[in-house]
Amino acid sequence: MTNSDRIAIIERFVKQNQEGYDSGHDWLHIERVRRIAIYINSIEKLADPFIVEVTALLHDMADSKFAGKYQEERYSLVVDLLGRCELSEQTGKILNVIRNISFSKKIKEGDLLNPLLFVVQDADRLDAIGAIGIARAFAYGGFRNNPIYIPGENNINNPSTIGHFHEKLLKLKDMMKTNTGSTIAIRRHQVLLDFLDEFNRELDGG
Ligand code: ADP
Ligand code: NI
631 MTNSDRIAII ERFVKQNQEG YDSGHDWLHI ERVRRIAIYI NSIEKLADPF IVEVTALLHD
691 MADSKFAGKY QEERYSLVVD LLGRCELSEQ TGKILNVIRN ISFSKKIKEG DLLNPLLFVV
751 QDADRLDAIG AIGIARAFAY GGFRNNPIYI PGENNINNPS TIGHFHEKLL KLKDMMKTNT
811 GSTIAIRRHQ VLLDFLDEFN RELDGG
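Just so we're aligned, residue 631 is where the sequence shown starts under our numbering, counting upward by one.
Here you go:
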């Protein structure tokens, strides 16, 4: 089996998996993360480029927002898939990324210094900021029917999408693990700040 056979099998599997997700976590998100992860790794040279690609493709396979209580079943599906692709030797490292990639997951497990995790997590986080990040946040907020903002509150710890910027998105720039990720994050973070500035100006009637 060649690597392009493996990618074709994995792509098909992931496309099917992402079908029930919101438009911020669809196949196009996976493709963007793949491209950014490959780019970061081409500069940082932290991991095998093929394994970076496979891991980026699989990174949202067990997202708790969608898999709910079936996360363990999703991990098993990934193990089976990698076995079918004759990638069993790489399964540990790849699964470690899928288990630890989430921002919101409180209890991290296993090897948190896995270079593959640094690359794919930075790529996933970059897709949550900048213009695309703003679009994704409102797509997800709409999907959940969350309020856009809550008037008169400081927007921290509230369930609105603007609240989510403060709770998570504005923190991502300083959480990058690779230099390349940090460099890209600077510009994208500024896009968030400019957006919030303008949003508040308009709210104030300006
Ligand atoms: P992680 O997988 O790192 O926990 P998430 O899956 O929570 O990250 O975030 C993925 C995308 O979903 C991001 O673009 C993020 O902004 C969006 N998102 C997650 N939770 C919310 C929320 N409560 N409101 C708006 N967007 C959200
Ligand atoms: Ni993702």
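Glycine included, each C-beta is placed from N, C-alpha and C at the ideal position.
Check: Mapping the DSSP letters down to three states, classify K740 as helix, strand or coil.; Outcome: Note on residue identity: the sequence assigns Gly, not Lys, to residue 740. Residue state, collapsed to three classes: coil.
Check: Measure the beta-carbon distance from N671 to V749 and round it to whole angstroms, keeping in mind my assumption that it falls under 8 Å.; Outcome: 5 Å
Check: Can you list, in chain order, the residues of its chain whose CB lies under 7 Å from that of A677, leaving out five sequence neighbours each side?; Outcome: N671, P745, L746, V749
Check: May I have a chain-ordered list of the alpha helix (DSSP H) segments no shorter than 4 residues that lie completely inside the stretch 678-732?; Outcome: 679-688, 694-697, 701-714, 721-730
Check: Checking 7 Å against the spacing of the C-beta atoms, do Q648 and W657 come in under that value?; Outcome: yes
Check: Output the residue ranges of the alpha helix (DSSP H) runs that lie fully inside the stretch 636-676 and measure 4 residues or longer, sorted by chain position.; Outcome: 657-674
Check: Under the criterion of a Cβ to heavy atom distance below 6 Å, does D656 qualify as lining the ligand NI?; Outcome: no
Check: Compute the distance between the beta-carbons of L823 and I759, then report whether it is under 7 Å.; Outcome: no
Check: Measuring CB atoms only, is the stretch 674-692 touching the stretch 757-775, in the sense that at least three cross pairs come out at less than 8 Å?; Outcome: no
Check: Should the stretch 770-780 be called in touch with the stretch 799-811, which here means at least 3 C-beta pairs below 8 Å?; Outcome: no
Check: Assuming G836 is part of the alpha helix (DSSP H), what are its boundary residues?; Outcome: Where G836 is concerned, there is no enclosing alpha helix (DSSP H), given that its DSSP letter is neither H nor E.
Check: For F825, tell me which candidate among H796, E702, T810 has the shortest Cα-Cα distance.; Outcome: H796
Check: Could you tell me the alpha carbon to alpha carbon distance between V644 and L687, rounded to whole angstroms?; Outcome: 7 Å
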